[in-house]
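Novice: Following numbering that gives the first Met the number 0, the numbering of the sequence shown begins with 0 at its first residue and continues without gaps.
Just so it is clear, CB atoms sit at the ideal spot from N, CA and C, and this is done for glycine as well.
Since we're looking at a predicted model, the values are computed, not measured.
I have a structure I would like to understand better, so I am pasting it below and will then ask my questions one at a time.
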Amino acid sequence: MIVGLPDHMRQRSAVVVLTGAGISADSGLQTFRANDGLWENHRIEDVASPAGFASDPQLVHRFYNGRRKQLLSGDVRPNPAHYALAEFETEWPGDYLLVTQNIDNLHEWAGSRKLVHMHGELLKKRCVFCGDVTPVDTDLSVRSWCDRCNAKGGLRPHVVWFGETPMEMDTIDGALRGCGLFVAIGTSGSVYPAAGFVSVANSVGAYTVELNLEPSAQESAFQERNYGPAAELVPEFFARVKG
Ligand code: APR
């Protein structure tokens with residue numbers, strides 16, 4: 000049962016969940032905007048834009064190599080919020096889609112399968128020449144070769160940078176337009192198009208919920224808001240949804 004939904008929509012309602020960096024904060028990964036826009040001591044635009052990559056590809060590679068190493072170090076693992084979503088997916092009888100802005104793999108690691116990475120994945124690389132996308136668990140550099148087309152210097156992280164189009168937007172839009180419950184978790188609501196998902200969900204009559212450490216930039220658009228660490232709020236909230 001979803002509290003707040005009209006009776007006829009409570010059972011088997013379609014659920015869309017949006018996650019951001021805050022859900023991985025309890026796993027030890029730093030969020031983006033915690034330090035005045037500085038991210039691991041870099042300006043976001045230097046390491047997360049096509050212009051930044053064009054002007055200093057080695058810096059961008061070093062930055063993502065470091066993040067990949069951290070993710071694979073053994074110190075980072077899913078927290079109860081990731082596991083609660085994976086469990087909910089297996090138990091919920093209605094449609095379900097998890098949309099994450101995160102490039103880490105903690106949702107899959109916890110068991111989520113109905114998942115789209117709208118900002119790409121840290122553990123994949125892409126060749127800018129032939130478009131080949133393949134898994135990567137080692138460092139990339141300007142000297143790396145593409146296994147498919149053999150071109151040198153064209154490999155980049157398979158992530159979406161500022162100014163680029165997010166992935167899977169048709170799938171996401173379709174799910175939002177059919178959902179009865181939309182839940183945003185651990186996102187500041189400052190980056191579009193994800194920041195606008197709550198408005199789409201409201202426009203189709205969905206019940207909209209924010210679970211975050213603090214009020215986000217989209218706070219007033221949500222019908223229900225709960226504040227605290229995701230590792231606590233998410234298991235509690237989805238237990239309530241399941242009834
Ligand atoms: N539990 C829940 N929420 C948390 C926690 C926590 N333990 N810790 C932090 N938060 C919240 C913060 O209060 C903040 O509102 O998570 C949010 C994280 O916001 P951002 O750092 O802006 O991350 P996100 O919203 O995912 O950023 C969106 O911006 O830089 C780009 O592409 C990048 O996907 C990213 C996008």
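Just reading off the alpha helix (DSSP H) that N64 is part of, what are its end residues?
Specialist: Start and end: 56-70.
Novice: Considering only DSSP beta bridges, list what E120 is partnered with.
Specialist: Beta-bridge pairing links E120 to H157.
Novice: With a threshold of 7 Å, establish whether the CB of G185 neighbours any heavy atom of ligand 1.
Specialist: Correct: G185 has its Cβ closer than 7 Å to ligand 1.
Novice: Give me the Cα-Cα distance between G19 and I184, rounded to the nearest whole angstrom.
Specialist: Taking the straight line joining both Cα atoms gives about 6 Å.
Novice: Got a sec? Which residues, its chain only, sit under 6 Å from V182 by beta carbon, not counting five neighbours each side?
Specialist: V16, V208, listed in sequence order.
Novice: Which partner residues does N211 have in the DSSP bridge list?
Specialist: In the DSSP output, where bridge partners are listed per residue, N211 has Y226.
Novice: Go ahead and pull the three-state DSSP assignment for V240.
Specialist: Three-state result, V240: helix.
Novice: Put R176 into one of helix, strand or coil per three-state DSSP.
Specialist: The answer is helix: DSSP assigns R176 an H, G or I state.
Novice: Given 7 Å as the limit, tell me if S189 has its C-beta closer than that to any heavy atom belonging to ligand 1.
Specialist: Indeed, a heavy atom of ligand 1 lies less than 7 Å from the Cβ.
Novice: I want to check one thing, is the minimum distance from the CB of P79 to the heavy atoms of ligand 1 below 7 Å?
Specialist: Every heavy atom of ligand 1 is 7 Å or more from the Cβ of P79, so no.
Novice: Would G93 and A13 qualify as a contact pair, given that the criterion is a beta-carbon distance under 8 Å?
Specialist: Yes, they are a contact pair.
Novice: Quick check on L134: buried or exposed, where buried means 16 or more other Cβ atoms within 10 Å of its Cβ?
Specialist: In the sequence under discussion, the amino acid at residue 134 is Pro, which differs from the Leu named in the question. Exposed is the call here.
Novice: At a cut-off of 7 Å, is A85 close to ligand 1 when judged by its beta-carbon and the heavy atoms of the ligand?
Specialist: No, ligand 1 has no heavy atom inside 7 Å of this Cβ.
Novice: Taking the beta carbon of Q217 as the centre, do at least 16 other beta carbons fall within 10 Å, making it buried, or is it exposed?
Specialist: The residue is buried, with at least 16 neighbouring Cβ atoms inside 10 Å.
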